[in-house]
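Residue numbers (our numbering), protein chains in the order written: chain Y, 2 to 113; chain Z, 661 to 778.
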């Protein structure tokens, strides 16, 4: 596999701020991307996904941006809340059928 | 929505014993199930992919004789850690894939199993 990291970057924000979490993917053939939220001791929870024929997709308080030119993905969380504190992973695959490859993850810490 | 139940949520076992972890898709049929391993502060690492009724495909470096995977039905896959040792202590997570990926439920994850080998 690829995109496996040994260290977890941390993003610290204040409650109410907007958060931006970034992810670089490595496989130019990947055409389906997912953002997951993982709380301590739990499995990953789906947040939002995007296909490569789009460059932006919005959900409730979250927006995913995809830049295929530089193979970069970002997750924007509006009005971040303490409950958003978790580790966020991007994942990529090809066609939506194959195995997911996870990025190294970013820990988001939201202080009140 | 799609729910994947993983059991047990945590287990402590003695070195040399075997441990079985179950992964069930509760309200859908999972054609493919994936098993991941996650060490503290690290990402999920794919161990193997299993399709119902066929042998699992293991990732490079994962011992198939140590991590036995059985996918006997479209709703159940099991991972057995055989002759467990302290270095096998980790967080194991399963994921089930539905037939129509690209939806919110393309890949649904279980809640994970914390294995501690003493």
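Idealized CB from N, CA, C, for every residue including glycine. On a predicted model such as this, the values are computed, not experimentally measured, just so you know.
Cβ-based neighbour list, residue 690 of chain Z, same chain, cut-off 7 Å, excluding 5 preceding and 5 following: Taking the first residue of the second chain as 1, we reach residue 690 of chain Z at position 30. The beta carbon of residue 690 of chain Z lies closer than 7 Å to those of 734, 735, 756, 757, 758 in the same chain, with the five residues before and after it left out.
How about residue 737 of chain Z and residue 776 of chain Z: are their beta carbons less than 8 Å apart? On the second chain, position 77 is the one that residue 737 of chain Z refers to. On the second chain, position 116 is the one that residue 776 of chain Z refers to. Against a cut-off of 8 Å, the Cβ pair of residue 776 of chain Z and residue 737 of chain Z comes out as no contact.
Give the C-beta separation of residue 698 of chain Z and residue 682 of chain Z to the nearest angstrom, bearing in mind that I take them to be a contact with Cβ-Cβ under 8 Å. Here the question's residue 698 of chain Z lines up with position 38 in the second chain. Here the question's residue 682 of chain Z lines up with position 22 in the second chain. No, residue 698 of chain Z and residue 682 of chain Z are not in contact; Cβ-Cβ is about 18 Å, not under 8 Å.
Do residue 703 of chain Z and residue 731 of chain Z have their C-beta atoms closer together than 8 Å? Stepping through the second chain from its first residue, residue 703 of chain Z is reached at position 43. Stepping through the second chain from its first residue, residue 731 of chain Z is reached at position 71. Taking 8 Å as the Cβ cut-off, residue 703 of chain Z and residue 731 of chain Z do not qualify as a contacting pair.
Interface residues of the segment 721 to 751 of chain Z facing chain Y [CB-CB below 7 Å]: Listed by position, the residues of the segment 721 to 751 of chain Z near chain Y (Cβ gap below 7 Å) amount to none.
Name, please, each residue of chain Z whose Cβ falls closer than 9 Å to the Cβ of residue 106 of chain Y. For this step, residue 106 of chain Y is matched to residue 105 along the first chain. Against chain Z, a Cβ distance below 9 Å from residue 106 of chain Y picks out 701, 702, 703, 704.
Cβ distance (whole Å) where residue 36 of chain Y is taken to contact residue 65 of chain Y below 8 Å: Counting from 1 along the first chain, the entry for residue 36 of chain Y is found at position 35. Counting from 1 along the first chain, the entry for residue 65 of chain Y is found at position 64. The C-beta distance from residue 36 of chain Y to residue 65 of chain Y rounds to 6 Å, short enough to fall under 8 Å.
Secondary structure of residue 719 of chain Z, DSSP reduced to three states: Residue 719 of chain Z sits at position 59 when you count from the first residue of the second chain. In this structure, residue 719 of chain Z counts as coil in the three-state DSSP scheme.
As assigned by DSSP and simplified to three states, the class of residue 748 of chain Z: Counting from 1 along the second chain, the entry for residue 748 of chain Z is found at position 88. Here residue 748 of chain Z carries a helix assignment [DSSP, helix/strand/coil].
Can you check whether the C-beta of residue 11 of chain Y is within less than 8 Å of a C-beta belonging to chain Z? In the first chain, residue 11 of chain Y corresponds to position 10, counting from 1. No, residue 11 of chain Y does not count as interfacial toward chain Z.
Is there contact between the segment 11 to 26 of chain Y and the segment 713 to 727 of chain Z, where contact requires at least three CB pairs shorter than 8 Å? Using a Cβ-Cβ distance cut-off of 8 Å, the segment 11 to 26 of chain Y and the segment 713 to 727 of chain Z are not in contact, since fewer than three pairs of beta carbons, one from each stretch, lie closer than that value.
For residue 34 of chain Y, which beta-bridge partners are listed by DSSP? One-based indexing of the first chain puts residue 34 of chain Y at position 33. Checking the DSSP bridge columns, you'll see residue 34 of chain Y partnered with Y:51, Y:93.
Report the neighbours of residue 676 of chain Z on chain Y: residues whose CB is nearer than 8 Å to its CB, in chain order. For the purposes of this step, residue 676 of chain Z is taken as the residue at position 16 of the second chain. Counting only Cβ-Cβ distances below 8 Å, residue 676 of chain Z has no contacts in chain Y at all, with the closest Cβ about 26 Å away.
For residue 113 of chain Y versus residue 16 of chain Y, is the C-beta distance shorter than 8 Å? Sequence index remark: in the first chain, residue 113 of chain Y carries index 112 (1-based). Sequence index remark: in the first chain, residue 16 of chain Y carries index 15 (1-based). In this structure, the beta-carbon distance from residue 113 of chain Y to residue 16 of chain Y falls below 8 Å.
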